[in-house]
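Residue numbers (the working numbering): 173 to 668.
Below is one structure, written out as structure tokens, with a few remarks after it.
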Amino acid sequence: IMKQFSSLLLAAVMGSVLTLAAYNWLGPEDSIRFDHMNPVPVSSVAYSLNEKSEVVPLDFTQTAEKAASSVVHIRSTQSKGRETQQNTNPFGFFFGPEGGTPRQNDSRPSQSTGSGVIINSEGYIVTNNHVVKDADMVDVTLYDNRTFKAQVIGTDPDTDIALIKISAGTLPHLAFVDSDLSKVGEWVLAVGNPFNLNSTVTAGIISAKSRNINIINRNTEQGNTAIESFIQTDAAINRGNSGGALVDLSGGLLGINTAIASPTGAYSGYGFAVPSNIVSKVVDDLINYGTVQRGWLGIGIESVNGDLAKQKDLSVSSGAYVQGFAENSAASDAGIKEGDVVVKIDNTVIKTNTALIEYIGIHRPGDKVNVIVNRKGKEINIPVTLKNRNGNVETVKREERAGLASLNLEVKDVDAAVLKKLDLKGGVQVTSLGNSKLGRYTDIREGFIITKVGDQTVKSAKELNELLKNKKEGEIVTLGGTYEDFRREFLYSFRM
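Take a look at the structure:
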């Protein structure tokens, strides 16, 4: 029996040896290898890797508390009501009359709600232009439920940004961070007041950058002057979040939440925020000049892709292709040519037309930038001095707009040729009504040429500004003038 057992044991051992030998001989050739990582502990807390590749928990609580205390609830009242339409476009502003369906062509007073972000201790608040547009009264409710009347400091329809201010003593606030340094995949928090649910915080990641969804053009009828280069996020945002904060995990302000992509009008996974670098530049201009000072290259551009590169026989597959030039173009004057591809400006790589628009949009007339273009396979560095829309490098000084700024009215001196045509000695032409009292309470149109304030003659924007500065709040003012295409005197009266 022992002899038989020894034989069986020897056979088993020999079988095992042969099996291992066969595996060592065949295994490396025929088996599939898998790389393995150390398991991450399962927990209700989210985890991430730090710079040392160490697994660390993500704690949103301190950031959420900091951000929520600096985000406000905004209620705008429009005495005439808003002429609104149902928006079936899947990309839309997530802001509307409180309680749901927008009223169409309704002349009754209406109220709307949104969000805003306190950006300094003195009570300056950033929100969206479409939150306060046409508002006769703006009320702000703080995190601690105190409510204040707000003054609209200025608006910029081209970026859908507005600046308002309240007087409430020292306030908590958020600091801007460099949105250019943010990365796709980075955690972010969205803070706002969706559906009148105050101080709502949601978490997500940056899904994409430099998104152009053509929503500002479509909703404000600004033509092709809008600057869109949104940060896209999957943090849940809804109606009422408009003007709220998109923050990084340090509590820095990365952007202002502005729009969503949704077939239903509610959250469907994609939100869009104006980057902080654009917001901070607009805010700085509104405070220091009363209007946004925007530099222009004066070129028509298109994003380069594989199809365009093949069609135009380009040596690059990304960048901004130069299609043509505007009148008095800064780019053309500097030597940029049609067919060039802008691949870099200063130290910023340009992969799309949106990236170019964003970078130039944070500069002012007179600023100098180095534009690197690819021309038939060769890179050329071309210094360019940016101009304004009128083709010069001048900026509008704050002190010259003090009277006009209170009306949110933009004007310019009438061209000599127009004065001669209309037989006028001087005048001031309205170039933008913006969020002005004149636009809300009178039938005035852009292009109106102001020649009188009351019975006093006006020949220049400076004279108009000085006359308006001397008017008291509540005083009735009458502007007289004409239109280039309808030559008779018109009178428009309003209360300062």
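No residue lacks a Cβ here, since even glycine has one placed at the ideal position from N, Cα and C.
The structure displayed is predicted, hence computed values, not measured ones.
Item                                                                                                                         : Value
Check whether Ser284 and Val244 have beta carbons under 9 Å apart                                                            : no
Rounded C-alpha distance that separates Ala407 from Asp332                                                                   : 20 Å
Beta strand (DSSP E) runs contained entirely in the segment 600 to 638, provided each spans 3 or more residues               : 600 to 604 and 621 to 625
Simplified DSSP assignment, three categories, for Gly423                                                                     : coil
Residues of its chain near Ala380, where Cβ-Cβ distance is below 7 Å and the 5 sequence neighbours each way are ignored      : Val356 and Gln404
Inter-residue Cα distance where the pair is Ile325 and Gly549                                                                : 48 Å
Val303 versus Val363 - alpha carbon distance                                                                                 : 16 Å
Buried or exposed by the 16-neighbour rule on C-beta atoms within 10 Å, applied to Val590                                    : exposed
Contact under 9 Å by Cβ, Ser749 with Glu638                                                                                  : No information on residue 749 is available, as it lies outside the stretch 173 to 668 that the chain covers here.
Lys238 versus Gly423: straight-line alpha-carbon distance, rounded                                                           : 7 Å
Close beta carbons around Ile517, own chain, < 6 Å, minus the five adjacent residues each side                               : Tyr531, Val541 and Val543
Integer Cβ distance of Val419 from Val360, believed to fall under 8 Å                                                        : 7 Å
Inter-stretch contact (C-beta, 8 Å, three-pair minimum) for the segment 487 to 499 and the segment 544 to 564                : yes
Ile522 and Gly491 closer than 9 Å at C-beta                                                                                  : yes
Inter-residue spacing [alpha-carbon to alpha-carbon] between Thr374 and Ile409                                               : 8 Å
Which listed residue (Val556, Thr567 and Leu528) has its alpha carbon closest to that of Arg536                              : Thr567
Beta-bridge pairing of Gln323 - partner residues as DSSP gives them                                                          : Lys337
Proximity below 9 Å, CB of Ser698 to CB of Tyr315                                                                            : For the chain, the structure presents residues 173 to 668; residue 698 sits outside this window and is missing.
Beta-carbon proximity of Ile378 to Ser354, cut-off 9 Å                                                                       : yes
Sequence-distant residues of the same chain with beta carbon closer than 6 Å to Pro447, five excluded per side               : Ser351, Ile403 and Gly427
DSSP state of Arg573 mapped onto helix, strand, coil                                                                         : Summary for Arg573: the model assigns pLDDT 45, below 50, so the residue's position carries little reliability; its value from the coordinates is reported in the next sentence. Reduced to three states, the DSSP call for Arg573 is coil.
Host alpha helix (DSSP H) of Lys593 (start-end)                                                                              : Ala588 to Leu594
Residue range of the unbroken alpha helix (DSSP H) whose run includes Gln234                                                 : Thr233 to Ala240
Neighbour-count burial assignment, Ala588, 16 or more Cβ in a 10 Å radius                                                    : exposed
Helix, strand or coil at Asp306 [DSSP, three-state]                                                                          : coil
Chain-order list of residues whose beta-carbon lies under 8 Å from that of Ala340 (same chain, five-residue window excluded) : Gly295, Leu314, Arg318 and Phe320
Contacting residues, own chain, Cβ-Cβ under 6 Å from Gly616 (five flanking each side not counted)                            : Correcting the residue type first, residue 616 is Ile in the shown sequence and not Gly. Leu610 and Tyr664, listed in sequence order.
DSSP three-state assignment for Tyr315, whether helix, strand or coil                                                        : coil
Nearest-angstrom Cα separation, counted from Gln601 out to Asp585                                                            : 6 Å
Residues bridged to Leu418 (per DSSP)                                                                                        : Ala362 and Gly427
Extent of the continuous beta strand (DSSP E) to which Gln483 belongs                                                        : Here Gln483 belongs to no beta strand (DSSP E); instead the alpha helix (DSSP H) covers Gly478 to Gln483.
Residues bridged to Arg247 (per DSSP)                                                                                        : Thr285 and Asp311
Separation of Leu335 from Asn292, as counted between CA atoms                                                                : 12 Å
Alpha-carbon spacing of Thr327 relative to Leu458, whole angstroms                                                           : 8 Å
Alpha-carbon spacing of Ala417 relative to Asn449, whole angstroms                                                           : 14 Å
Own chain partners of Leu594 with C-beta closer than 6 Å, once the 5 adjacent residues on each side are dropped              : none
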